[in-house]
Structure formats: structure tokens, C-alpha cells
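So the sequence lines, in the order shown, correspond to chains A and B.
Using the working numbering, read the first sequence as starting at 1 and increasing by one per residue.
Using the working numbering, read the second sequence as starting at 1001 and increasing by one per residue.
For glycine and all other residues, C-beta sits at the position ideal for the given N, C-alpha and C.
Keep in mind the model is a prediction, meaning the values are calculated, not measured.
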Amino acid sequence: WGKEGHYVVCKITQEYLSEDALFAVKQLLPDSAHGDLAALCSWPDEIRFHYHWSSALHYADTPDFLCNYQYCRDCHDSYGRKHRCLTGAIHNYTMQLKLAYADASSKFNYNLTEALLFLSHFVGDVHQPLHVGFTGDLGGNSITVRWYRRKTNLHHVWDNMIIESALKMFYGSDLSTMIQAIQQNITDIWSNDVSIWEHCAHNYTACPDWYASESVSLACKFAYRNATPGSTLKDEYFLSRLPIVEKRLAQGGVRLT
Amino acid sequence: AILNRIFTSKTGIAQA
């Protein structure tokens, strides 16, 4: 996601943190965040060219035109190095934080502030369908389209444009209004789904492979569909995809919590 | 759910 998308996911997360988790998160945040996790959820995007190794961790490469996700097949970087992908990163940072908090005497000296910020960012990204898009079109980055009158690419439409158009059209250009609307849906129309979203098979702490499977399926059904190179995306595409984006932001927030 | 589970000790971690 872009800045707004990560802010929404992390703002939703903060609403539902347990007392213990909120205490631990505030301890890990730098003073500059003033206790607000959402203020730093885009930090991994800002340093991805400084921490060059982190760039491959923002996405997973599904083989072209396949609409399912398999960790062993898809989680590797462009040099074929296994585990260096979005879901491998979520496993990794979940493990780092868990080890540190499960065993206070753990000998590992991970940077837990970075682990928290990477985990928060990547749990958001794995819910953006085109972050688990096709290798051949770089998750939609090389599919040039028009968004109304503006020339852009399909990945940018899903990272930013759908949210920006929603803010203008429905939320008075106010991100907190959009966040409140999504939170209202979490307590109303999605209230029966939340416990399913939160759950992981085998009682695992995180299950990013499942989140990625949902995303690549949505990429095939909604992101790529009716968005061929050179097409112009307008109200029909926007109004039918906005509910998908809002639900993915909600799921990302609830699951990160 | 992930952060709440991490900062309370009870569950396993998804194996890669």
C-alpha cells in the first residue's frame, strides 16, 4: 500500500491491541512516534533503497496467470534465494518478536523496533492483492492504464489511487473519516467474520501464506480482470473494487492486532 | 491478533 493504506491498517490495529500488547508496542516505538504505531508504518518503504536487502520483502512473486499461492514455489527473491519474500519476512519478524518476548533471557540481539515496524508494514502489504501478483508484470507495475484521465500503472492504482479517489468521493478527503467507516463495518457487517480473520490453523501466531493465498485470488478476480494494458479504469472499476480494498485494509488491521 | 498473540505467551509460530 501507499502511505494512506499503511496508516489505515495500523490505526485500525491500535484500536484493538490488548493492554499487554499496547504496552510492549509503546516500549518499542521511538519517542518520535509519540506512542502512535501508525506514524511509522510506512517507514519500511522509506528505507527500502537504503536497506537494499529489504526491497524483495515487500512482495511475493506468483508465477504468471496462476491464481494460488505456494510458499515453497513463490517465496524467493529475484536471485532465487528462498524465504526472501513478503510471507517469509512476516514469519521471520513474528519469530524474532516472539522469541524475545517468550524468553526474556534470549541471547538473540534482534532490533525489535525494526522487527515491529517491518512486521506491521508487511502484514499490511500482504493484504494488497497485487503485492502477491504475477512475476511477469511485476505485480501490475508494468501494466500501464489510465485512472480516469491520469496515466498510471495497475499496481499504483491498488496501492494509492482507489484509496485517494474514495477519500475525495466519499470521505471529504479526511482519512480519519474513512478509518471510522471501516471500523464501523468491522463492528457491524463484518463482526461475524472477525473471529475467522483472526484465527490461524494449528493456533499459529501468524499465517501469512493464507493471507497471500487470499490476495492472489483477489488479484485474479478483481485487480487484473478488465484492466488490460492501455485500458481506462473509471467508475465501474473503482466502485466495484473499493469494497475489496476496504475489506483488505480491515483484515490487515484486525490480523496485525 | 498477531501482536496480541506475540505479546502474550501461549501459541506456536507458523513454520515457513
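Are the beta-carbon atoms belonging to Leu29(A) and Cys10(A) less than 7 Å from one another?
no
How many Å lie between Leu66(A) and Asn141(A) at the Cα?
17 Å
Enumerate in chain order the residues of its own chain whose CB-to-CB distance from Asp188(A) is below 6 Å, with the five nearest sequence positions on each side excluded.
none
What are the boundary residues of the beta strand (DSSP E) that Thr152(A) is part of?
Arg150 to Asn153
Per DSSP, Arg263(A) is paired with what?
What the structure shows of chain A is the stretch from 1 to 257, and residue 263(A) is not part of that stretch, so it cannot be assessed.
Ala24(A) versus Tyr59(A), Val194(A) and Leu97(A), residue with shortest Cα-Cα distance
Leu97(A)
Going by C-alpha distance, which of Glu114(A), Glu4(A), Gly133(A) and Tyr69(A) is nearest Phe222(A)?
Gly133(A)
His76(A) bridges to which residues according to DSSP?
Lys82(A)
I'd like to know whether the C-beta atoms of Thr228(A) and Tyr16(A) end up nearer to each other than 7 Å.
no
By a C-beta neighbour count over all protein chains shown, 10 Å radius and 16 as the cutoff for buried, is Gln251(A) buried or exposed?
Per the 10 Å Cβ criterion, buried.
Buried or exposed by the 16-neighbour rule on C-beta atoms within 10 Å, applied to Arg1005(B):
buried
Check distances from the C-beta atoms of the segment 122-133 of chain A to those of chain B and list, in chain order, the residues that come in under 9 Å.
Val123
According to the neighbour-count rule (16 or more other Cβ atoms, all chains shown, within 10 Å of its Cβ), is Cys200(A) buried or exposed?
buried
Is the segment 36-51 of chain A touching the segment 197-213 of chain A in the sense that three or more CB pairs, one from each, lie closer than 8 Å?
no
Can you give me the start and stop residues for the alpha helix (DSSP H) that Ile1006(B) sits inside?
Ile1002 to Ile1006
Taking a contact to mean a Cβ-Cβ separation below 7 Å, would you say Ala60(A) touches Asp77(A) in this structure?
no
Which partner residues does Phe65(A) have in the DSSP bridge list?
Paired residue(s): none; Phe65(A) is not in a bridge.
Give a yes or no on contact between the segment 149-164 of chain A and the segment 209-218 of chain A, applying the rule of three or more CB pairs nearer than 8 Å.
no
Coil, strand or helix - Phe49(A) by DSSP
coil
Assess, as a yes-or-no matter, whether the segment 153-169 of chain A is touched by the segment 206-215 of chain A under the definition of 3 or more beta carbon pairs within less than 8 Å.
The segment 206-215 of chain A is not in contact with the segment 153-169 of chain A.
Given this structure, state the Cα-to-Cα distance separating Glu236(A) from Ala102(A), to the nearest angstrom.
Going by C-alpha positions, Glu236(A) is about 49 Å away from Ala102(A).
Determine, using beta carbons only, whether Thr205(A) comes closer than 7 Å to chain B.
yes
Would you say Leu112(A) lies against chain D (beta-carbon separation less than 7 Å)?
The chain labelled as chain D is not found among the protein chains of the depicted structure, namely A and B.
Which class does Phe108(A) belong to by DSSP, given the choice of helix, strand or coil?
coil
When Cβ atoms are compared, which residues of the segment 9-22 of chain A fall closer than 9 Å to chain B?
Thr13, Tyr16, Leu17, Ser18, Asp20, Ala21 and Leu22
Does the beta carbon of Thr257(A) come closer than 7 Å to any beta carbon on chain B?
yes
Thinking Leu233(A) and Val145(A) are a contact (beta carbons under 8 Å), I'd like their distance in whole angstroms, please.
Between Leu233(A) and Val145(A) a beta carbon distance of about 6 Å is seen, short of the 8 Å cut, so the two are scored as contacting.
Boundaries of the alpha helix (DSSP H) in which Ala166(A) is found, first to last residue:
Ile162 to Phe170
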